[in-house]
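Colleague:
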Amino acid sequence: MKKRSLILLIGAALILAFSATGLWAEEKAAPAAEGGEYHVGCIFAITGKASWLGEPERNTAEMVAKEINDAGGINGKKLVLHIEDDQGDNTQAVNAVNKLIKKDKVCAIIGPSTSGTSMAVVPIAQEAQIPLISCAGAAVIVEPVAERKWIFKVPQKDSDCVRRIYDHMTSKGIKDIGIITTTSGFGGAGRDQLKKIAEEYAIKIVADETYDPTATDMTAQLVKIKNAGAQAVVNWSIEPAQSIVPQNMKQLKMTIPLYQSHGFGNIKYAQAAGDAGEGIIFPAGRLLAVDTVSDDDPQKKVLVSYRDKYEKTYSDKVSTFGGHAYDALWILANALKKVGDDPAKLRDEIEKTEFVGTAGVFKFSPADHCGLDKTAFEMLTVKDGKFVVLKE
Amino acid sequence: MDQPAHILSDILQFIFMGLQRGSIYALAAMGFNMIYNATGIINFAQGEFVVLGGLMMVTLSTALSLSIPVAFVLTTLFVTVVGICMERFTINPVKHPTVLRLIIITIAVSIIIKGAAMCLWGKNSHFMRHFSSSETWEIYGATILPQTIWIIGILLCIVAGYIFFFNYTMTGKCMRACAINRDAARLAGINDRKMVMLSFALSAGIGAIAGIIITPIIQMDYTRGALLGIKGFGAAVLGGLGNSMGAVIAGILIGILEAMAAGYVSSHYMDAIALIILLAVLFVKPSGIFGSAEAMRLKEF
Amino acid sequence: MKQKDYIGIAALTTLIIIVPYLVTNDYYLGVLIFTALNCLACIGLCLLMGYAGQISIGHGAFIAIGAYASAILTTKLGWSPWAAMGFGVVTVIFVAFFVGIPTLRLKGHYLAMATLGFASIVHIVSVAAVGFTGGPSGIMNIPRLSIFGFQLNSDVKFFYFSWAIVIAGLYLAVNLIYSRVGRGLKAIHGSQDAASSLGVNITVYKIKIFVLSAIYASISGSLYAHYVLYIDPGPFDVMHSVLLVTMVAVGGIHNIWGALTGAILLSLLPEFLSFLSDYLQGFGIRYKTDYDTLVYGAILLLIMLFLPEGLFDGLYRSIKAVFNLKNRLMKGRSQGAV
């Protein structure tokens, strides 16, 4: 007994000593923006509830960085990525941004993956004056632009996504809809847009239900939507709920169409939903339907090359989310090439960027930090477990 | 809910939903009781057994594509072994147990199981197909999944097995003897240490089954243990701690109340219902609705 | 207060003054600030667990109430951070009082489960009450603290401030332990029946100490909100309450210095592990931050199995053991020579 406690104690003492030396050693090793390297921070939800967003983003960022460095880097300097995993958790994202800025002294940040985490870190990037290119969907991340000087985003806006959904509903004669959204950042912002834009289209929201990001059973909410006599359901989330809502609808024998947001752009969500996922309609970037894009489309070349490279490197299906990391890193790399790693110059340069990416043809301006409009979307559906372009 | 036709079918729908959830709480509560009766310990890792069962089942049935019955048996065995290891390596060696120390030990085990589950299965939600078809049946306008029938059926089987085991087998009677008076049981020649181990094994097994049958419906991830555990404890307390039949009824009751709350109040506060019931019972009548206050006073606390 | 406590506080103060000269990176100072916040909560929890013998797996809830009071009042109603912090403390006093009265009647496992249930309810409400707490999106743009117009706008300033509060809290707690209240508490811990027969009003003592420990947690939460400037329900979940219990138990339940040691060690552990992972990578072993939870659990289990009184007490005993061993060896050798 005494011997054991002695061993434990020595262990504890070692931990303390190591911690102290750890603080010291890393202190000295901290990169002081060395001449030969560009330090860029990345924050993705690599694990956790939103891992189907963050994982392809991380993979893509590593793939692009390798490609750049293999080709001799940027202006002869190596591109160093500091990749952090926020687990889709807002507080983790805040800590990660602080770490990237204070410890790793990065010149710009790519990510976070979700709207909630992006909104949480906006004030930090603004205050530290470090350009941040978010990979999340909500338009409020970059609006109003006056308060978002240092913030950009590469995915299509949720407001445009709502417009595409409402366009489609109008063409089908759907007037009364039920909406079901998560209370997380993306869902909350989506709910606001759904309600605001409904007036423009004279669409009536007959049921407005919400659920927690961790919820696993949406039966109760769907019963209310069913009873309200909705002609269609719109679900807005990035969590696994995207696969549970269709299952619950099937369970309740609800046959009305289900629309989802562009957060559905990873085939894994459809796989998790199984049979129930068939027929879901959602707007997404052209990346998921590369083969149907005509050859003279300006995006065709970049879409094909990214898809082929990603699927070859990781033997995994391409998703729109990985595409966002691709766009963000190339936009940043181009800016680095022109003006170097001064954050202020980088910001000014990104604001002038025009770029053909996977999500669409970007045209940033001082008034638009997203640079995409609703034509960047294509309406897709799930058929036989695959994403196909909706033909109607 | 403006049309009266919906009212009945809605209530029925929520009752089905409640039965589904309640069965899981009932099984978790039985697990709590099993260990409590044998040792007087509340096992804070009970919820983790449920998670472990669900995750292992997903792996065996999906990744290794074993048939459901084979995967079911293997998963239950696996978690039972985990339960036995827990008792052998963490509870048995403690020579001078105090309540505080035992609580913290079971908490430590729950952290370890949770951490291991996170490392092994990752932080994603895991999904698997239903046992049989996922086509629902319609009853008076409400719909019920075949999986719900499976859940209720398995719960009933376990309850029947439980009654048989504790009333008609020697080992079961020995365990009951230990629960009533450990010293007297030992004097009568019962190996009480072995009974404690057996109680952990059975409780882990029951937890695993709860996890297995619910996973097709709710998707499983490593974080669910704590909440499942505390709701199961709520059911155990409501039914009178140590009274397993009370626990089953209480578990179903909590499940139905939760479903009703989700349907008629707010689904956001659904999870709080079981906890509020737990606190209310603890504050007002800690012996539970089916337990006697007399017996309560005699228990070690 | 005893002499060794004075020495301890003096040593800690000296250490705190020196640290920012050694650790100049803001990130690591941030880690030490989080350490201070954990220490504060653990001192309170140790008073409850070690001296009143009551377990609480619900202190994360009091931290959350403090943090949300500060965040909501300063951002939505424009209160001054100090007023908001005070309001947080008052709220926590009320909540702890009303939760404490029925809860502290319970013992052992029931008490643990009741506090755990309470913590879960607070967490569920913080997620669900979107209009009030911001729900999962949380609350942004929380103002910084300032003292007499002197803004705590750098990590060094906040470091000194947070540790000053820890030392003040420690001083208070140590004084309490040696007061009449402290002796009463010790008596409760020993035997409730004996204590009450000697005229110690158990219920009043227990509730007082529960409220006091909740105040420590509340202040820690308010400071958290004003340091990170952003809060969401994430960090205040049940796991955080469990982590606080772990810190106190690892350091030593029955000794306030032990709790402090535990809080410091476990707060620094993730940094140490990430440092170790760089080191291990050289040998081809990949350590992931995912393993952290596992390491916490293993440490807690080992301590509970082999050193139930915690590291601090174990240190004392093993020093004694070493001396005994040495004496025995010496004796053995001299006997052998003869």
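Protein chains in written order, with this note's numbering: chain R, 1 to 392; chain G, 1001 to 1301; chain V, 2001 to 2338.
For every residue, glycine included, the Cβ atom is placed at its ideal position computed from N, Cα and C.
1. Quick check on the burial criterion: 16 or more other C-beta atoms within 10 angstroms. Buried or exposed for GLU34/R?
2. Of the residues LEU346/R, ASP167/R and VAL206/R, which one's Cα is nearest the Cα of ASP176/R?
3. Below 8 Å on C-beta distance, what does MET2113/V contact in chain G?
4. Can you list, in chain order, the residues of its chain with a C-beta nearer than 6 Å to that of THR2115/V? Leave out the 5 residues immediately preceding and following it.
5. Below 8 Å, can you find three or more Cβ-Cβ pairs linking the region 2138-2145 of chain V to the region 2056-2076 of chain V?
6. In angstroms with no decimal places, state the Cα-to-Cα distance between GLU147/R and VAL389/R.
7. Which word fits GLY1153/G, buried or exposed, when buried means at least 16 other C-beta atoms lie within 10 angstroms of its C-beta?
8. Do you know offhand how far MET1170/G's Cα is from MET1195/G's?
9. Which residues mark the beginning and the end of the beta strand (DSSP E) in which ASP85/R is found?
10. Quick one: which chain G residues come within Cβ less than 8 Å of ILE280/R?
11. Any beta carbon from chain V within less than 7 Å of ASP1271/G's own beta carbon?
12. In chain G, what lies closer than 9 Å to PRO2102/V by C-beta?
13. Name the DSSP beta bridge partners of ASN235/R, please?
14. Shortest alpha-carbon distance to LEU288/R belongs to which of PHE387/R, GLN242/R and ILE225/R?
15. Can you pull the chain V neighbours of ILE1103/G, defined as C-beta to C-beta under 8 Å?
16. Quick one, which of LEU380/R, ASP368/R, TYR259/R and CYS42/R has its alpha-carbon nearest VAL142/R's?
17. Got a sec: is the Cβ-Cβ distance from GLY1022/G to anything in chain R below 7 Å?
18. Does GLY2138/V get closer than 7 Å to chain R when you measure Cβ to Cβ?
19. Is VAL1099/G close to chain V, meaning its C-beta is less than 7 Å from at least one C-beta of that chain?
20. What in chain R is Cβ-close to HIS1268/G, meaning under 8 Å?
21. Would you list, in sequence order, the uninterrupted beta strand (DSSP E) runs of no fewer than 3 residues that lie entirely inside the region 264-343 of chain R?
22. DSSP puts MET1034/G in a beta bridge; with which residues?
23. Of all the CB atoms in chain G, is at least one closer than 7 Å to the CB of TYR1990/V?
24. Taking ALA120/R as the query, report the chain V residues whose CB atoms sit under 9 Å from its CB, ordered along the chain.
25. In terms of residue numbering, what span does the alpha helix (DSSP H) encompassing VAL1058/G cover?
26. Assign LYS266/R to one of two classes, buried (16 or more other C-beta atoms within 10 Å of its C-beta) or exposed (fewer than that).
27. Where does VAL2211/V land, buried or exposed, given buried means 16+ other C-beta within 10 angstroms?
28. Using beta carbons (cut-off 7 Å, strictly below), is PRO2020/V in contact with chain R?
29. Near HIS1006/G, what residues of its chain come up, given a Cβ to Cβ distance below 6 Å and the 5 sequence neighbours on each side ignored?
30. Counting only Cβ-Cβ distances shorter than 8 Å, please list the residues of the region 1114-1129 of chain G near chain A, keeping chain order.
31. May I ask you to report which of helix, strand or coil DSSP gives THR2014/V?
32. Within its chain, find whatever has a CB closer than 8 Å to the CB of ALA1179/G; leave out the 5 residues flanking it on each side and keep chain order.
33. Which same chain residues, not among the five before or five after TYR1140/G, have their C-beta less than 7 Å away from its C-beta?
34. Which runs of the beta strand (DSSP E) spanning at least 3 residues fall entirely within the region 1073-1161 of chain G, listed in chain order?
35. Use the C-beta contact count for PRO144/R: other C-beta atoms within 10 angstroms, 16 or more gives buried, fewer gives exposed.
36. Say whether chain G places a C-beta atom closer than 7 Å to the C-beta of ALA2096/V.
Modeller: Looking at the coordinates:
1. Locating residue 34/R in the first sequence gives position 34, counting from the first residue. Legend: pLDDT at GLU34/R = 48, less than 50; position of this residue unreliable, no value from coordinates given.
2. Position 176 of the first sequence holds residue 176/R. The shortest Cα separation from ASP176/R among LEU346/R, ASP167/R and VAL206/R belongs to VAL206/R.
3. Taking the third sequence and counting its residues from 1, one reaches residue 2113/V at position 113. By Cβ distance, chain G contributes ILE1042, ILE1230, PHE1233, VAL1237, LEU1278 and LEU1282.
4. The residue given as residue 2115/V occupies position 115 in the third sequence. Within the same chain, THR2115/V has close Cβ partners SER2056, ILE2057 and GLY2058.
5. yes
6. Taking the first residue of the first sequence as position 1, residue 147/R is located at position 147. Taking the first residue of the first sequence as position 1, residue 389/R is located at position 389. Those two C-alpha atoms are separated by around 37 Å.
7. For the purposes of this step, residue 1153/G is taken as the residue at position 153 of the second sequence. Classification for GLY1153/G: exposed.
8. Here residue 1170/G refers to the residue found at position 170 of the second sequence. Here residue 1195/G refers to the residue found at position 195 of the second sequence. About 12 Å.
9. As a first step, residue 85/R must be located in the first sequence, where it is residue number 85. It spans 78-85 - the beta strand (DSSP E) in which ASP85/R sits, taken as one unbroken run.
10. Here residue 280/R corresponds to residue number 280 of the first sequence, with the count starting at 1. What ILE280/R touches in chain G: nothing, since even the nearest Cβ is about 16 Å away.
11. To locate residue 1271/G, count along the second sequence from 1; it is residue 271. Chain V contact via Cβ: present.
12. As a first step, residue 2102/V is located in the third sequence; it is residue number 102 there, counting from the start. Neighbours of PRO2102/V on chain G, chain order: LEU1279, LEU1282, PHE1283 and VAL1284.
13. Locating residue 235/R in the first sequence gives position 235, where the first residue counts as 1. Partner(s): ILE180/R and GLN260/R.
14. Mapped onto the first sequence, residue 288/R falls at position 288. LEU288/R has its Cα closest to that of PHE387/R, out of PHE387/R, GLN242/R and ILE225/R.
15. On the second sequence, residue 1103/G is found 103 positions in, with the first residue counted as 1. What ILE1103/G touches in chain V: ILE2055, GLY2108, HIS2109 and ALA2112.
16. Here residue 142/R corresponds to residue number 142 of the first sequence, with the count starting at 1. For the residues LEU380/R, ASP368/R, TYR259/R and CYS42/R, the minimum Cα distance to VAL142/R belongs to ASP368/R.
17. Taking the first residue of the second sequence as position 1, residue 1022/G is located at position 22. Chain R, which has no Cβ nearer than 7 Å to the Cβ of GLY1022/G, makes this no.
18. The residue labelled residue 2138/V in the question sits at position 138 within the third sequence. Yes, contact with chain R.
19. For the purposes of this step, residue 1099/G is taken as residue 99 along the second sequence, with counting starting at 1. Yes, VAL1099/G lies at the interface with chain V (some Cβ there is under 7 Å from its Cβ).
20. Position 268 of the second sequence, counted from the first residue, corresponds to residue 1268/G. Chain R residues near HIS1268/G: THR183, THR210, TYR211 and ASP212.
21. 281-284
22. Position 34 of the second sequence, counted from the first residue, corresponds to residue 1034/G. Looking at the DSSP assignment, MET1034/G forms no beta bridge with any residue, so it has no partner.
23. With chain V represented from 2001 up to 2338, any question about residue 1990/V goes unanswered, as that position is not in the structure.
24. In the first sequence, residue 120/R corresponds to position 120, counting from 1. Near ALA120/R (Cβ distances below 9 Å), the residues of chain V are SER2137, GLY2138, MET2140, TYR2230 and ASP2232.
25. Here residue 1058/G refers to the residue found at position 58 of the second sequence. 1046-1058 is the span of the alpha helix (DSSP H), which, as asked, contains VAL1058/G.
26. For the purposes of this step, residue 266/R is taken as the residue at position 266 of the first sequence. Looking at the sequence itself, residue 266/R is Asn, so the reference to Lys does not match. Buried: at least 16 other Cβ atoms inside 10 Å.
27. Here residue 2211/V is taken as the residue at index 211 of the third sequence, counted from 1. That one is buried.
28. Sequence index remark: in the third sequence, residue 2020/V carries index 20 (1-based). It does not: the Cβ of PRO2020/V has no partner Cβ on chain R nearer than 7 Å.
29. Here residue 1006/G refers to the residue found at position 6 when the second sequence is read from its first residue. Here the set comprises nothing.
30. This model lacks chain A altogether; the protein chains it does include are R, G and V.
31. For the purposes of this step, residue 2014/V is identified with residue 14 of the third sequence, where counting begins at 1. Of the three classes helix, strand and coil, the one that applies to THR2014/V here is helix, per DSSP.
32. As a working mapping, residue 1179/G is identified with position 179 in the second sequence. Closer than 8 Å at the Cβ level, and outside the excluded window around ALA1179/G, lie ASN1037, ALA1038 and GLY1242.
33. Here residue 1140/G is taken as the residue at index 140 of the second sequence, counted from 1. The answer, listed in chain order, is LEU1008, SER1009 and LEU1012.
34. 1137-1139 and 1142-1144
35. The count along the first sequence starts at 1 and reaches residue 144/R at position 144. When all chains shown are included, PRO144/R counts as exposed.
36. For the purposes of this step, residue 2096/V is identified with residue 96 of the third sequence, where counting begins at 1. Cβ-Cβ to chain G under 7 Å: no for ALA2096/V.
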